[in-house]
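Here's the structure, in C-alpha cells; my notes come after.
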Amino acid sequence: MIERIETELRAAWSRRGEPAPRRVHCLKFGAANYANPGTALVFFAFRDAAAQPAAVVKVARDAAGDSAVEREVESVQSLRARVGAVLARLIPEPLADGAVNGRAFGAWTALGGTADLHHVDGPRGARRSESRIAAALGFLRDLQRATPAAPVRAAECIGPWDAVRAELAAAGSTPAGLEKLAAVAAAAWETPWPAALAHGDFFPGNILFDARQVTGVVDWATVVLRAPVWLDSLGYELSFALHALSRGRGAETAERRATAALGPFAASGTELAAAGVDAGWGSAARVLAVAAGAVRETRGGAARRGVAELWLRLLELEARDFGGRGAP
Amino acid sequence: MPLAPAPELACPRCSGHLEPGPGSARCSQHGEVARLDPHGVWVFDASDTYWGEVDRGLMQRVLATARAHTWRAALETELRPVHPGLMNYVHHPARADWHVLLPLDREHTVALDVGAGWGANSFGIAPHVRRVFAAEKVAERVEWIALRAAQDGISSVIPVRADLQSLPFAPGSLDVVVVNGVLEWAGLADPNAPGGRPANPRLLQERFLRQLATLLRPGGWLYVGIENRFGHMFLRGAPDHQGLRYTSLMPKPMARAYTWLRAVASPRTHHVERDYRTWIYSFTGYPALLERCGFTDVQRYAAVPGYNVPAVLVPLATRGPMRYLTQRVRPAAGPRAHLRRRMSQVLADTGLEAWLTSCYALTARRPGRDS
Chain A
1 MIERIETELR AAWSRRGEPA PRRVHCLKFG AANYANPGTA LVFFAFRDAA AQPAAVVKVA
61 RDAAGDSAVE REVESVQSLR ARVGAVLARL IPEPLADGAV NGRAFGAWTA LGGTADLHHV
121 DGPRGARRSE SRIAAALGFL RDLQRATPAA PVRAAECIGP WDAVRAELAA AGSTPAGLEK
181 LAAVAAAAWE TPWPAALAHG DFFPGNILFD ARQVTGVVDW ATVVLRAPVW LDSLGYELSF
241 ALHALSRGRG AETAERRATA ALGPFAASGT ELAAAGVDAG WGSAARVLAV AAGAVRETRG
301 GAARRGVAEL WLRLLELEAR DFGGRGAP
Chain B
1001 MPLAPAPELA CPRCSGHLEP GPGSARCSQH GEVARLDPHG VWVFDASDTY WGEVDRGLMQ
1061 RVLATARAHT WRAALETELR PVHPGLMNYV HHPARADWHV LLPLDREHTV ALDVGAGWGA
1121 NSFGIAPHVR RVFAAEKVAE RVEWIALRAA QDGISSVIPV RADLQSLPFA PGSLDVVVVN
1181 GVLEWAGLAD PNAPGGRPAN PRLLQERFLR QLATLLRPGG WLYVGIENRF GHMFLRGAPD
1241 HQGLRYTSLM PKPMARAYTW LRAVASPRTH HVERDYRTWI YSFTGYPALL ERCGFTDVQR
1301 YAAVPGYNVP AVLVPLATRG PMRYLTQRVR PAAGPRAHLR RRMSQVLADT GLEAWLTSCY
1361 ALTARRPGRD S
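Here it is as C-alpha cells:
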C-alpha cells in the first residue's frame, strides 16, 4: 500500500511542479486500536530524511471508511474555497485522491506545528496553555464567522431528546436519574441556537501549534455544515476539564473554564453518575452535551469519580486515534 | 469427483504436482502426501504436536463450543473468562495492519501466512488479497481457522496443516509470505529429525527462510514481524520466548549456558527446553540474516507498541519519521514525563531508537522481476 501511496504522491508533487524526492518514507500512524479499528488508515509521508511530513494520507479500511474518506476530501475542498485565504492556510490542502486496492484514499499537505495534548496538566500547565487555548477558540470564532448558517436546535443536530433518553435508558441509566436529567435537558433541546459549520472533532489532538500560534487544524472527516456554535468549543473545553478532573489536578481552573463555557446543559454530576451514563457514545456531540452538566456541578468526590469515568470513556474514543497510547 | 488441491499446493518433499485422489492428494514420486480432513483441510503433517497461547485442554473446550455454536460464542464463553487479554489477539483484524507495507492486490495476490496460529493475520489480510493460505502445524489451531472460515463464509482463507520446515507449496507460486512471530521459533523446529537438530538454531532459521524464498515468485514479498533482541522490553526484563529474562541480551554461549541452568517451561510451547534456541536478532542482524537467505531490499520499521499490535509503523531508513513521532506523541504525563520525553527525543535524534525499539516489522523481496 505504501508503495502505491508513494506513487500517488510523486505524481501529485510532479503536477504541482515540486521537485521529486529521492525517497518517500510512509509512517503509519495509529487508528489500529482494538476498541475500534477506525474508518481509515493514516499515513505521514516524509520526503527523504526530513523530520516533518510533507503529506498526510488516509486510506479507508472498509466500506464505511470509503465514504468517510470521500467526505473528508469533499469537505476540505469546499471548506477551503469558502473560508478565504487566511483561514484556508490553516486547513490541509488537497494533494490527491482516488483508490488504493479498491479502497478510497485522500492525500493532503501536512501542516507544520505540533499537536499539544497537555494543554491542561495541572494549574501550571493550564496557565502556560492559556494563550494557546485562546488561539484555538479564536480559530473557531473565525471559522464560524466565515461559515454562518440558519439557527438550529439541539434536537436537529443531536437528535430528539426522547431518542437520546431512550438510548440512555437502554444503556442502563436509572429512571430517577433520567427524570432529573430530562428536567434540565429537554427545554434546552428545543432552543434555537446561532449556527455555523462545525469541525466536529475539535480537541487538542487535532489542533497544531507553533509556539502560541495555530498553524493548522486537521481531521475534517466529521464536519457538520449546520451546528450550534457551541458545539466545537464545548467539546474543546470539556476535553480539558474532564482531563484535569480525572487526574485530580488543575480541577479548579478546569471547572471555572467548563462552567463558563457549558451553559445550558447543566445537570448534576451526581445525578449523571447515578444515572449510569454509559450510553451509546454514538454521537460524540451528545456525549459532550450530557457530560457538560457533570462538569458544572462536579465538586463532591462521588461526582468527580463519575466525571472521571466519563473521561475514561472519552479517552477510549480518543485512544483509537493515538495508537493505544491514550491521548493525554 | 475428488476435491483437487489448490494449484499452489505441491508435494512437500519434492515440490511435485499433486493429483487428487479419494480424500487425499498424491505425488507421482512420493504417493499419498496429504489427506483431506473432515473440515476440508489438507493435512500434510499429522503429528500430534501442540503448542499455543492456551493449554490444550482449554483449546479443545474452545473448539467444542465453536463446533456446537459459533467461534465468537466460543471466545466469549470459554476464552474471555480465563484469558481476557487474548481476545483481540486471536481475532482482531487490526493485528494485520502490517499489510499496508506490502503491495497487495485483492484481484491477484496469493499469500501464505506461515504459523498462522488462530488465523488473526490470515483473516486480517483476506479482504486485501485473492486468497491466503493459513499454514499451521497444530491440529486444534487449524480446525479453529477452518471453523471460523466456514462460519463466516470466507472462502479466501485456506487452512493447511503442515510443518513450517516442509511447506507444501510449489516454488514461485506465492506473491507474499507472512512470518509474524514465527521466525524466532524456527530454531526449535523439527526436534525429532533424523540425526537430531543442528547445534546452531540459526541454521534451522536460515533453512526456513531459504525455503520461503524458493516459494515466492521473483519479486514476491516477505513480511516478518519479530522482536528486537536489544529492545526496550528485554532491557526492562521481559521474559524471552523460553520464559527467561535477559537471555536475548547475552552473547549466545552465555545465553545457552544460562538456559541450561535455569530452564523453565516456555509460555507457548509448554515444554522445558534446556538449550537457548529461540534466537532473535538486532537492527543489523535481521537484514544480514535475510540477505544471506536470498532476500533483497530489506526495509525495517519499528512496530509500536509491538508487532502483534502494529498501531504505528515507523520507517527506520532515516531518522526523520521517528524524530517526528517522538515530538508528536508524548509519553503519558507523570512525575518523570519530561525526562522520559527528553530521553525518547535523544534516542530518536541520535538514531539509537532504531536499535532499541522493542519490535520490528520487516519487509524483503525475492530478487527478480516485479510482476
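One line per chain: the protein sequences are A and B, in this order.
When we follow our numbering, the leftmost residue of the first sequence carries the number 1, and every step to the right adds one.
When we follow our numbering, the leftmost residue of the second sequence carries the number 1001, and every step to the right adds one.
Here a beta-carbon is modelled for each residue, glycine too, at the ideal position from N, C-alpha and C.
If you're wondering where the values come from, they're calculated on a predicted model, not measured in any experiment.
Residue of the options minimising C-alpha distance to residue i
{"i": "residue 198 of chain A", "options": "A:43, A:16, A:27 and A:79", "result": "A:79"}
{"i": "residue 1117 of chain B", "options": "B:1059, B:1154, B:1025 and B:1081", "result": "B:1059"}
{"i": "residue 214 of chain A", "options": "A:230, A:132 and A:150", "result": "A:132"}
{"i": "residue 97 of chain A", "options": "A:194, A:159 and A:57", "result": "A:57"}
{"i": "residue 207 of chain A", "options": "A:233, A:103, A:195 and A:3", "result": "A:233"}
{"i": "residue 225 of chain A", "options": "A:236, A:179, A:204 and A:157", "result": "A:157"}
{"i": "residue 68 of chain A", "options": "A:227, A:229 and A:223", "result": "A:223"}
{"i": "residue 1098 of chain B", "options": "B:1246, B:1318 and B:1304", "result": "B:1304"}
{"i": "residue 149 of chain A", "options": "A:229, A:136, A:21 and A:47", "result": "A:229"}
{"i": "residue 220 of chain A", "options": "A:104, A:14, A:200 and A:236", "result": "A:200"}
{"i": "residue 113 of chain A", "options": "A:204, A:160, A:194 and A:104", "result": "A:204"}
{"i": "residue 1251 of chain B", "options": "B:1134, B:1281 and B:1318", "result": "B:1281"}
{"i": "residue 146 of chain A", "options": "A:212, A:85, A:105 and A:153", "result": "A:85"}
{"i": "residue 1358 of chain B", "options": "B:1322, B:1320, B:1120 and B:1302", "result": "B:1302"}
{"i": "residue 1323 of chain B", "options": "B:1285, B:1342, B:1122 and B:1306", "result": "B:1342"}
{"i": "residue 95 of chain A", "options": "A:236, A:75, A:109 and A:115", "result": "A:109"}
{"i": "residue 153 of chain A", "options": "A:137, A:47 and A:192", "result": "A:192"}
{"i": "residue 90 of chain A", "options": "A:163, A:151, A:235 and A:210", "result": "A:210"}
Contact list for residue i against chain B, beta-carbon separation under 7 Å
{"i": "residue 30 of chain A", "result": "1311 and 1312"}
Buried versus exposed, by CB contacts within 10 Å (16 or more), residue i
{"i": "residue 1160 of chain B", "result": "buried"}
{"i": "residue 1254 of chain B", "result": "exposed"}
{"i": "residue 25 of chain A", "result": "buried"}
{"i": "residue 92 of chain A", "result": "buried"}
{"i": "residue 1108 of chain B", "result": "exposed"}
{"i": "residue 279 of chain A", "result": "Residue placement at residue 279 of chain A cannot be trusted, given a pLDDT of 28 that sits under 50; the coordinates are not used to answer."}
{"i": "residue 11 of chain A", "result": "exposed"}
{"i": "residue 1200 of chain B", "result": "exposed"}
{"i": "residue 1367 of chain B", "result": "exposed"}
{"i": "residue 107 of chain A", "result": "buried"}
{"i": "residue 14 of chain A", "result": "exposed"}
{"i": "residue 1173 of chain B", "result": "buried"}
{"i": "residue 1052 of chain B", "result": "buried"}
{"i": "residue 1081 of chain B", "result": "exposed"}
{"i": "residue 75 of chain A", "result": "buried"}
Within chain A, the residues that residue i reaches when beta carbons sit closer than 8 Å
{"i": "residue 1104 of chain B", "result": "1 and 101"}
{"i": "residue 1126 of chain B", "result": "Within 8 Å Cβ-Cβ: nothing; residue 1126 of chain B doesn't reach chain A, min ~13 Å."}
{"i": "residue 1218 of chain B", "result": "Within 8 Å Cβ-Cβ: nothing; residue 1218 of chain B doesn't reach chain A, min ~17 Å."}
{"i": "residue 1367 of chain B", "result": "Neighbours of residue 1367 of chain B on chain A: none; closest Cβ ~17 Å, over 8 Å."}
Residue i: CB within 6 Å of a non-hydrogen atom of the ligand PLP
{"i": "residue 70 of chain A", "result": "Looking at this structure, you won't find the ligand PLP or any other ligand, since it has none at all."}
Neighbouring residues, chain A, relative to residue i (Cβ below 9 Å)
{"i": "residue 1324 of chain B", "result": "27, 44, 46, 50, 51, 52 and 53"}
Proximal chain A residues relative to residue i, where beta-carbon distance stays under 7 Å
{"i": "residue 1327 of chain B", "result": "114"}
{"i": "residue 1224 of chain B", "result": "Simply none; closest approach about 16 Å."}
{"i": "residue 1239 of chain B", "result": "None at all; the shortest Cβ gap to chain A is about 21 Å."}
Amino acids of chain B, ordered along the chain, whose beta-carbon sits closer than 9 Å to that of residue i
{"i": "residue 90 of chain A", "result": "The premise fails here: residue 90 of chain A is roughly 18 Å from chain B at the closest Cβ pair, so nothing lies under 9 Å."}
{"i": "residue 41 of chain A", "result": "1097 and 1100"}
{"i": "residue 4 of chain A", "result": "1103"}
Partner residues on chain B for residue i, Cβ-Cβ distance less than 8 Å
{"i": "residue 23 of chain A", "result": "1317 and 1318"}
{"i": "residue 10 of chain A", "result": "In chain order: nothing, as chain B lies at least about 15 Å away."}
C-beta atoms of residue i and residue j nearer than 7 Å
{"i": "residue 43 of chain A", "j": "residue 1312 of chain B", "result": "no"}
{"i": "residue 1138 of chain B", "j": "residue 1113 of chain B", "result": "no"}
{"i": "residue 40 of chain A", "j": "residue 65 of chain A", "result": "yes"}
{"i": "residue 55 of chain A", "j": "residue 63 of chain A", "result": "no"}
{"i": "residue 1176 of chain B", "j": "residue 1221 of chain B", "result": "yes"}
{"i": "residue 102 of chain A", "j": "residue 1106 of chain B", "result": "yes"}
{"i": "residue 104 of chain A", "j": "residue 50 of chain A", "result": "no"}
{"i": "residue 1115 of chain B", "j": "residue 1096 of chain B", "result": "no"}
{"i": "residue 1170 of chain B", "j": "residue 1283 of chain B", "result": "no"}
{"i": "residue 1061 of chain B", "j": "residue 1076 of chain B", "result": "no"}
{"i": "residue 182 of chain A", "j": "residue 144 of chain A", "result": "no"}
{"i": "residue 1248 of chain B", "j": "residue 1268 of chain B", "result": "no"}
{"i": "residue 1120 of chain B", "j": "residue 1157 of chain B", "result": "no"}
* **Cβ contact check for the region 1094–1112 of chain B and the region 1348–1366 of chain B: 3 or more pairs under 8 Å** => Using a C-beta cut-off of 8 Å, the region 1094–1112 of chain B makes contact with the region 1348–1366 of chain B, since at least three inter-stretch Cβ pairs fall below that distance.
* Does the region 1136–1150 of chain B come close enough to the region 1202–1213 of chain B that 3 or more CB-CB pairs lie under 8 Å? -> Flag = no, the region 1202–1213 of chain B and the region 1136–1150 of chain B do not touch.
* To do: May I ask you to verify whether the region 1012–1022 of chain B touches the region 1032–1039 of chain B, counting CB pairs closer than 8 Å and requiring at least 3?
  => Verdict: yes, contact present.
* Asked: Three or more beta-carbon pairs under 8 Å between the region 1293–1305 of chain B and the region 1273–1280 of chain B, yes or no?
  -> With a cut-off of 8 Å, the region 1273–1280 of chain B and the region 1293–1305 of chain B do not count as touching, because too few Cβ pairs lie within range.
* the region 1042–1055 of chain B in contact with the region 1161–1169 of chain B per 3-pair CB rule at 8 Å -> Counting Cβ pairs under 8 Å, three or more are found: they touch.
* Do the region 1207–1220 of chain B and the region 1254–1264 of chain B make contact, defined as three or more Cβ pairs closer than 8 Å? -> They do not touch, by the three-pair rule.
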